[in-house]
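Student:
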Amino acid sequence: MAYEQAYNNETRDLVQLARKNKLIKPQFRDDVIGKVWDALQKRKSVLLVGVPGVGKSAIVHGLAHQLAQQKKMGLRELATQTVMRDTKYLGEWQTKAGVIFGSAKKEKSILYVLDIWNITSVGVSSSDPSNLFDFILQDLQSKRLVLLAEASPDVVDEMRKHPLLLNQFEEIQVEPLQAEQIRQLAQQAFDGSRFDIEAAACQRLLDLCDRFLPASQGPGPVLNFAHQVMDYCEQKADIGEHESISPQFVEKVFTIYTGLPAFVISRDETKSIREIRDWFRERVIGQDGAIEAVVETIALFKAGLQDPSRPLGAFLFVGPTGVGKTELAKALAVFLFGSASRLLRFDMSEFKDYYAFQMMLGDPGNPNKQARLLDPVRSQPFQVILFDEIEKGHPNAWDILLQLLDEGQVSPPKGPKVNFRNTIVIVTSNVGARDAQRPPMGFTQNGQGGSNISIESLETEFRPELLNRFQHIVSFHPLAPEQVKSIARKELRQILTREGITSRNLIVEVEDDVLQHVVDTGYDQRYGARALKRQIQQQVILPFATYLMEHAVEPGALLKMSLLHGRPRIQVKQTSQSVEFRQQNEPVTSGKGKRYRLADLKQGAQDMAAQLQRLREQVGEEHLIARLDELDQARQRADFWSDPVAAHRVILETDDIGGQLDRLAGLANRVADMRALLETDPGREVLVRSAEACERLQEQLATAQLEMVGLGSDQRWDALLELRPVGQSSPLQQTLFELYQGWAKQRRYEVKVLAEPMTESEPALLWVKGPYAYGYLCGEQGLHRFRDGEQHSVVRVSVAALNQEAGEERFMNHRALKQVGCYGGRIRSRLEVQDCRGLVLQNEDSLAENRETALAVASSWRLGAVAQDELVRRYDADPFLVRDYLTRSTVGKKDVLKPKRFHLLLERRIRERGALH
Numbered sequence: 005m006a007y008e009q010a011y012n013n014e015t016r017d018l019v020q021l022a023r024k025n026k027l028i029k030p031q032f033r034d035d036v037i038g039k040v041w042d043a044l045q046k047r048k049s050v051l052l053v054g055v056p057g058v059g060k061s062a063i064v065h066g067l068a069h070q071l072a073q074q075k076k077m078g079l080r081e082l083a084t085q086t087v088m089r090d091t092k093y094l095g096e097w098q099t100k101a102g103v104i105f106g107s108a109k110k111e112k113s114i115l116y117v118l119d120i121w122n123i124t125s126v127g128v129s130s131s132d133p134s135n136l137f138d139f140i141l142q143d144l145q146s147k148r149l150v151l152l153a154e155a156s157p158d159v160v161d162e163m164r165k166h167p168l169l170l171n172q173f174e175e176i177q178v179e180p181l182q183a184e185q186i187r188q189l190a191q192q193a194f195d196g197s198r199f200d201i202e203a204a205a206c207q208r209l210l211d212l213c214d215r216f217l218p219a220s221q222g223p224g225p226v227l228n229f230a231h232q233v234m235d236y237c238e239q240k241a242d243i244g245e246h247e248s249i250s251p252q253f254v255e256k257v258f259t260i261y262t263g264l265p266a267f268v269i270s271r272d273e274t275k276s277i278r279e280i281r282d283w284f285r286e287r288v289i290g291q292d293g294a295i296e297a298v299v300e301t302i303a304l305f306k307a308g309l310q311d312p313s314r315p316l317g318a319f320l321f322v323g324p325t326g327v328g329k330t331e332l333a334k335a336l337a338v339f340l341f342g343s344a345s346r347l348l349r350f351d352m353s354e355f356k357d358y359y360a361f362q363m364m365l366g367d368p369g370n371p372n373k374q375a376r377l378l379d380p381v382r383s384q385p386f387q388v389i390l391f392d393e394i395e396k397g398h399p400n401a402w403d404i405l406l407q408l409l410d411e412g413q414v415s416p417p418k419g420p421k422v423n424f425r426n427t428i429v430i431v432t433s434n435v436g437a438r439d440a441q442r443p444p445m446g447f448t449q450n451g452q453g454g455s456n457i458s459i460e461s462l463e464t465e466f467r468p469e470l471l472n473r474f475q476h477i478v479s480f481h482p483l484a485p486e487q488v489k490s491i492a493r494k495e496l497r498q499i500l501t502r503e504g505i506t507s508r509n510l511i512v513e514v515e516d517d518v519l520q521h522v523v524d525t526g527y528d529q530r531y532g533a534r535a536l537k538r539q540i541q542q543q544v545i546l547p548f549a550t551y552l553m554e555h556a557v558e559p560g561a562l563l564k565m566s567l568l569h570g571r572p573r574i575q576v577k578q579t580s581q582s583v584e585f586r587q588q589n590e591p592v593t594s595g596k597g598k599r600y601r602l603a604d605l606k607q608g609a610q611d612m613a614a615q616l617q618r619l620r621e622q623v624g625e626e627h628l629i630a631r632l633d634e635l636d637q638a639r640q641r642a643d644f645w646s647d648p649v650a651a652h653r654v655i656l657e658t659d660d661i662g663g664q665l666d667r668l669a670g671l672a673n674r675v676a677d678m679r680a681l682l683e684t685d686p687g688r689e690v691l692v693r694s695a696e697a698c699e700r701l702q703e704q705l706a707t708a709q710l711e712m713v714g715l716g717s718d719q720r721w722d723a724l725l726e727l728r729p730v731g732q733s734s735p736l737q738q739t740l741f742e743l744y745q746g747w748a749k750q751r752r753y754e755v756k757v758l759a760e761p762m763t764e765s766e767p768a769l770l771w772v773k774g775p776y777a778y779g780y781l782c783g784e785q786g787l788h789r790f791r792d793g794e795q796h797s798v799v800r801v802s803v804a805a806l807n808q809e810a811g812e813e814r815f816m817n818h819r820a821l822k823q824v825g826c827y828g829g830r831i832r833s834r835l836e837v838q839d840c841r842g843l844v845l846q847n848e849d850s851l852a853e854n855r856e857t858a859l860a861v862a863s864s865w866r867l868g869a870v871a872q873d874e875l876v877r878r879y880d881a882d883p884f885l886v887r888d889y890l891t892r893s894t895v896g897k898k899d900v901l902k903p904k905r906f907h908l909l910l911e912r913r914i915r916e917r918g919a920l921h
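Each residue of the sequence shown is one higher than the last, beginning at 5 in my numbering.
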C-alpha cells in the first residue's frame, strides 16, 4: 500500500488554521509561548507539563499564531494511533511512519503529538517489540526531528519509567492562571458573543466550576461551561425565548449539563432531612440504617463539606441478597444525579481472573479496547459506581478500589489519571449475611434494624486497609413480613405503570389477601426481594396478561383481583368512564347504511391522508407549483400581450394549474380538519355527521384520483357530443340524448343543446361544459346498438374536445325558424358550417347567437370529431338488458340508464381503458 499522502491525511496543519483564524489566541500566556519558541528555535523538543484544563493546548495554538506571522517553520498535529491506521502487515507501519516523519523533517515542521505517552507502545506486537519511539529516536537525538507534546504531572511520572523518552524533551511547566485572569477570560467569552452576562452570574459560573470541577484547574472547564451557557441561550433564542444570564440561569444550565439536581447546586434550594429520608424510604423499604448513612453523605455534599480529595461517598453495603442494596444505589443515582442511568454497575463475578484490572483500566497492548471503569467516568464524572459482590472479584480489582477510595483517582496503564472525586462508590458484599440473622455481637451500626455483622467476619475476607477506606460500613438486615408485603405493593405499583396497562387506561386493584398469599408462598429469606418479584410476575401479572389477551376490556374499566380458594380471580367492573367509552364507541350508521366505530373513522382518515399524499406525488404537485411560478413570471413581462394567442394559452394553462393546485389544497384542508375533529373524541351526533363526511371525502378523493391521474389534464376540456342514427331512425337516439343530459346535470355540468333533430334521420348535438367532461364522455364514441325483438337500429356517437381557438367560419343554409324539435324543444334558427364534418346548429337560440356559438366550437369539431365503428354498447328493449363491451358487463336493471348508475359505468370504463393502455 502506498502512503504518499499519509503526511497530509494523518496530520493537521495548525499554522494554516491559525492563518484562517480558526484557532483562538490565548491570553496571559506570552511568557510560556516565548519559552516554547526559544526552545524550538534551538531544535529542542518541548513537553508542556500542567494539570488538566490549565491551558496547554491553548499555548500550542498561540504558538501556531506566532509561526503564522514569522513563517519560519510549520506546526503539524499528530495522534500516534493514526500511524497504525490501515496497516496490517509486518513492516507496514514503519513505511507509513517513515513518510510522515520524513515529510516533517523535509518541511522543517514541528510535530505536535497529542498522546506522547502512547509513543512507546504504538507498533509493539507479539513478534516484534520495536515501537514508534525507537523508530524516531535517532532523529530526535540528532535534532533532525522536533516534537512538541503536553502531559499532566501524573503522566510525566509514568513517562519517567522510560528515562530515554523523557530525556528528549525540555519540560516547561504551565501554571494555573490566577482567579482574576480566569474571570476576565470568562467575561471576554461572553463579550465576544451576542449575550450579556451579569457580574454576579459570571462569579457564580466560576464558583460552580471551582466547587464541582476541582480536578480541572485553569480556564479549561470555565470556558467550556461558558460556551455551554451560550449554546443554551442560542437554543432558547431559536424558539423565541430570550433570557438574561443571571446566577439562577447559570445554575439551571449547570444542572442540565451535569445532571446534578438544583437542590445540590443552588444555595437557594433547600430540603429538610425528613423530606430526603422519606424520599428514600418510599423506594427502599426496611433499611433505615442504610438510608441514614446515605442522607448523611448527601448533607455533606450539599453543604460542600465533603473531603475534596476523595469520592463524594464510599459505602460498604453488607447483608443477604435481595434486601435493597442495589435498590438503594439506584435511588441514590436518581436523587443525586437525576437518572438511574447514572449508576455504573460492575458484577464482580465477571472479574475473577488476573486480567480483571485490564478489563477495568484498559489493555496497554490494545489501546482501542474499552476500559470499562475509566471510559464511562471520563465521559460522565458524576456517577454512582456499584461494585456488586466484591468478594467474587480478583484481588487486583481490590487494589484498584484501594487507590480509588484513597486518592479519588485511578491511574490507567497509559495516559492521565481519571478523577473519581465526583462519584459515589458503593461496594456490596454478602460476607457475614448469616451473622446478620443472629443476635447482635461485635460492632453495630446506628439505625433501625441495626447491623449484626461482626468486624471479624469482614476482616476474614477483606484486608483492614480496604475496610478503613470506607466512610460507612452499612448492614442490611433480613426483611420482616410487613416490610416484604410493602415491597410487594411497591413492586406491583411499578409494574402497573407498564405500557400494557397505561395504554389501555385501565384501573387495576389487587386486594391485600392476594399480596399476602404471594408473600406467604413466594418469599424466601435466602433469595430476598428478587424471588418476590418473580412470584409477583407469576401469580399476579401473568393472570392479568392472560385475561387481557383473551378479553376485550373497555378503557376506564376496573380490573379487580381477589383470592378465591387460594387462586387469583379477576373481575371486571364497569366505571362511568368505561360506560361512556362503550357508548361513544358503539358503531354509528351513516346515510349509506354502513356502520363505523370511532377507531374505524380515525383509521379511515389516516388512510385518506396517505391516499392524498400519493395523489400529490402522482399529479406532480411540486412540478405544477414550479410551472405556475414560470407562468406568473411570463405574465409579468412587458411584452406579454404582444402575441395575444400565446398570451391566451398562458392564461388558460395558469387557470388549469391553479385549479388543480386549489383542488389538492382543498382536499388537504378537509382531510386535516377531519383528522383534527376525530382526535377530539366527538359525541355520537358529531360522530354520525363525521361518518357521512368521511364517506363524502372518500368519494371526492376517489374522483380526484380518477380525474387528475386516470384522465389527466389533456382531458379536462368541455365535450361536444353528436348522436347520429345510422341508416334508419332509432328510438335509442332520444334515450341517449336524455341520458347524457341527465348525467351532466347530476354532475353539475352545464348542458347546451346545439342541435335537436326535427326529423328522425337528423343528428342531435350537445355541448357539455365542465372539467373533465371530455374525459368522461370520450369513451362513448362509437356504435350504440338497439334491439327490440326483430327490429335493430344503431346510433353513432361522436365526441370532440373543445380545445381549439375560435376562428373565421363560413355559414350556409342559415335561416330563422319557428318549429318544434322531435324531443319537444323550440327551434328558432338553423345554420350549417361549411366544410366542418356536417356541423349543424339547430336550437332555440337566435341566428346571431348560433353564429357566435358556431365560431366557438367549429374548429374543435372539425379537428376532433372522428366517426368510429367500434361497438360500444348494446341495449335490448324486451327483456331489458344493457351489454357494455369494454367492461364485459351485462346489466338487466333499468337504473343503469339513470345518472348515478351510469356515472359508475363511465368510471369503470375509464379504469378499464387505463388498464388496457
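Every residue, glycine too, gets a C-beta built ideally from N, C-alpha and C.
Do Y753 and G779 have their C-beta atoms within less than 8 Å of each other?
Tutor: Within the sequence shown, numbered from 1, the residue matching residue 753 stands at position 749. Within the sequence shown, numbered from 1, the residue matching residue 779 stands at position 775. No. Outside cutoff.
Student: With the cut-off set at 8 Å, would you say V870 and Y889 are in Cβ contact?
Tutor: The count along the sequence shown starts at 1 and reaches residue 870 at position 866. The count along the sequence shown starts at 1 and reaches residue 889 at position 885. Cβ atoms of V870 and Y889: not closer than 8 Å.
Student: So, under 8 Å CB-CB, Q65 and L27 are touching, yes? Tell me the CB distance rounded to an integer number of Å.
Tutor: Here the question's residue 65 lines up with position 61 in the sequence shown. Here the question's residue 27 lines up with position 23 in the sequence shown. Before going further, note that residue 65 is His rather than Gln in the sequence given. Contact flag correct, Cβ pair sits at about 4 Å.
Student: From which residue to which residue does the beta strand (DSSP E) around G59 run?
Tutor: Walking along the sequence shown from the start, residue 59 turns up at place 55. Taken as a continuous stretch (DSSP letters only), G59 belongs to no beta strand (DSSP E), as it is neither H nor E.
Student: I'd like to confirm the pairing. Which residues does DSSP put opposite T593 in its beta bridges?
Tutor: For this step, residue 593 is matched to residue 589 along the sequence shown. Answer is R599, bridged to T593.
Student: Just checking my contact of G57 with P225 at CB under 8 Å: how many whole Å lie between their CB atoms?
Tutor: Residue 57 sits at position 53 when you count from the first residue of the sequence shown. Residue 225 sits at position 221 when you count from the first residue of the sequence shown. About 5 Å separates the two Cβ atoms, so the contact holds.
Student: At which residue ranges does the segment 225-301 contain complete beta strand (DSSP E) runs of 3 or more residues, listed in the order of the chain?
Tutor: none
Student: Does the Cβ-Cβ distance between F199 and I243 come in under 8 Å?
Tutor: For the purposes of this step, residue 199 is identified with residue 195 of the sequence shown, where counting begins at 1. For the purposes of this step, residue 243 is identified with residue 239 of the sequence shown, where counting begins at 1. Against a cut-off of 8 Å, the Cβ pair of I243 and F199 comes out as no contact.
Student: Less than 8 Å separating the beta-carbons of V730 and V654?
Tutor: Position 726 of the sequence shown, counted from the first residue, corresponds to residue 730. Position 650 of the sequence shown, counted from the first residue, corresponds to residue 654. Not in contact: V730 and V654 (Cβ atoms no closer than 8 Å).
Student: Thinking just about the alpha-carbon of each residue, which of A768, A556, E300 is nearest to the one in G317?
Tutor: The sequence position of residue 317 within the sequence shown is 313, counting from 1. It is E300 whose Cα lies nearest to the Cα of G317.
Student: With a 10 Å radius around its C-beta and 16 neighbouring C-beta atoms as the bar for buried, classify I114 as buried or exposed.
Tutor: Within the sequence shown, residue 114 is the residue found at index 110, counting from 1. Looking at its Cβ environment, which holds 16 or more other Cβ atoms inside 10 Å, I114 is buried.
Student: Can you give me the C-alpha to C-alpha distance between L18 and A68, rounded to a whole angstrom?
Tutor: Taking the first residue of the sequence shown as position 1, residue 18 is located at position 14. Taking the first residue of the sequence shown as position 1, residue 68 is located at position 64. The straight-line gap from Cα to Cα measures roughly 6 Å.
Student: For K76 and chain C, any beta-carbon pair shorter than 8 Å?
Tutor: Within the model displayed, chain C is absent; a lone protein chain is all it includes.
Student: On a Cα-Cα basis, can you pick out the residue from E856, G326, P883, S765 that is closest to R534?
Tutor: To locate residue 534, count along the sequence shown from 1; it is residue 530. With distances taken between Cα atoms, R534 lies closest to G326.
Student: Going by other Cβ atoms of all chains shown within 10 Å of its Cβ, with 16 needed for buried, is P312 buried or exposed?
Tutor: Within the sequence shown, numbered from 1, the residue matching residue 312 stands at position 308. A residue is called buried once 16 or more other Cβ atoms fall within 10 Å of its Cβ, and P312, having fewer, is exposed.
Student: Taking the continuous beta strand (DSSP E) assigned at A349, which residues delimit it?
Tutor: Position 345 of the sequence shown, counting from 1, holds the residue named residue 349. Reading the sequence as shown, one finds Arg at residue 349 and not Ala. It spans 347-351 - the beta strand (DSSP E) in which R349 sits, taken as one unbroken run.
Student: Just to confirm the assignment, what range does the alpha helix (DSSP H) spanning Q362 have?
Tutor: The sequence position of residue 362 within the sequence shown is 358, counting from 1. Counting along the chain, the alpha helix (DSSP H) containing Q362 begins and ends at 360-365.
Student: Within this structure, are the beta carbons of L563 and V583 separated by less than 8 Å?
Tutor: Counting from one through the sequence shown, the residue named residue 563 turns up at place 559. Counting from one through the sequence shown, the residue named residue 583 turns up at place 579. Against a cut-off of 8 Å, the Cβ pair of V583 and L563 comes out as no contact.
Student: Assuming T124 and L152 are in contact, meaning their beta carbons sit under 8 Å apart, how far apart are those beta carbons, in whole angstroms?
Tutor: To locate residue 124, count along the sequence shown from 1; it is residue 120. To locate residue 152, count along the sequence shown from 1; it is residue 148. Not really, about 18 Å apart at Cβ, beyond 8 Å.
Student: With distances taken Cα to Cα, identify the nearest neighbour of K494 among G328, K418, A695, E696.
Tutor: What you label residue 494 is simply residue 490 of the sequence shown in a count that begins at 1. The shortest C-alpha separation from K494 is found at G328.
Student: Mapping DSSP to helix, strand and coil, what is K421?
Tutor: Here residue 421 refers to the residue found at position 417 when the sequence shown is read from its first residue. Correct three-state label for K421: coil.
Student: To the nearest angstrom, report how far apart E513 and F585 are at their CA atoms.
Tutor: Locating residue 513 in the sequence shown gives position 509, where the first residue counts as 1. Locating residue 585 in the sequence shown gives position 581, where the first residue counts as 1. Approximately 20 Å between the Cα atoms of the pair.
Student: Roughly how many whole angstroms lie between the Cα atoms of R913 and Q737?
Tutor: Position 909 of the sequence shown, counting from 1, holds the residue named residue 913. Position 733 of the sequence shown, counting from 1, holds the residue named residue 737. About 21 Å.
Student: Applying the 10 Å Cβ sphere with the 16-neighbour rule, what's the burial state of T262?
Tutor: As a working mapping, residue 262 is identified with position 258 in the sequence shown. The residue in question, T262, is buried, as its Cβ has 16 or more Cβ neighbours within 10 Å.
Student: My assumption, with CB atoms under 8 Å, is that L365 sits in contact with V414. Please give the rounded CB distance.
Tutor: Stepping through the sequence shown from its first residue, residue 365 is reached at position 361. Stepping through the sequence shown from its first residue, residue 414 is reached at position 410. Their Cβ separation, rounded to whole angstroms, is 7 Å, which keeps L365 and V414 in contact under 8 Å.
Student: Which full runs of the beta strand (DSSP E) of 3+ residues lie inside the segment 301-341, going along the chain?
Tutor: 317-322
Student: Under 8 Å between the Cβ atoms of D158 and K109?
Tutor: The residue you call residue 158 lines up with position 154 of the sequence shown. The residue you call residue 109 lines up with position 105 of the sequence shown. No, Cβ-Cβ distance for D158 and K109 is not below 8 Å.
Student: When you compare each of K421, V388, A768, G746 to K902 by their alpha carbons, which one comes out closest?
Tutor: Position 898 of the sequence shown holds residue 902. That would be G746, whose Cα lies nearest to the Cα of K902.
Student: Short of 6 Å in beta carbon distance, which residues of its chain neighbour R148, apart from the five on each side in sequence? Order them along the chain.
Tutor: Residue 148 sits at position 144 when you count from the first residue of the sequence shown. Within the same chain, R148 has close Cβ partners K109.
Student: Ignoring anything shorter than 4 residues, give me the alpha helix (DSSP H) runs that lie fully in the segment 531-580, in order along the chain.
Tutor: 533-540, 546-554
Student: Considering only C-alpha positions, which residue in the set P761, I269, N171, E184 is nearest to F216?
Tutor: The sequence position of residue 216 within the sequence shown is 212, counting from 1. Answer by Cα proximity: I269.
Student: Just reading off the alpha helix (DSSP H) that N13 is part of, what are its end residues?
Tutor: For the purposes of this step, residue 13 is taken as the residue at position 9 of the sequence shown. Per DSSP, N13 belongs to the alpha helix (DSSP H) from 10-14.
Student: With a Cβ-Cβ cutoff of 8 Å, do E465 and E354 count as a contact?
Tutor: Within the sequence shown, numbered from 1, the residue matching residue 465 stands at position 461. Within the sequence shown, numbered from 1, the residue matching residue 354 stands at position 350. Going by C-beta atoms, E465 is not nearer than 8 Å to E354.
Student: Among residues of its own chain, excluding the 5 on either side of T84, which ones have a beta-carbon nearer than 7 Å to its beta-carbon?
Tutor: Position 80 of the sequence shown holds residue 84. Result list for T84: V117, D119, N122, I123, V126, L136, in chain order.
Student: Of the residues V690, V103, Q702, which one's Cα is nearest the Cα of Q607?
Tutor: In the sequence shown, residue 607 corresponds to position 603, counting from 1. Checking every option, the nearest Cα to that of Q607 belongs to Q702.
Student: Within the same chain, show all residues whose beta-carbon is closer than 7 Å to that of E911, passing over the 5 residues directly before and after it, in chain order.
Tutor: Residue 911 sits at position 907 when you count from the first residue of the sequence shown. The answer, listed in chain order, is L710.
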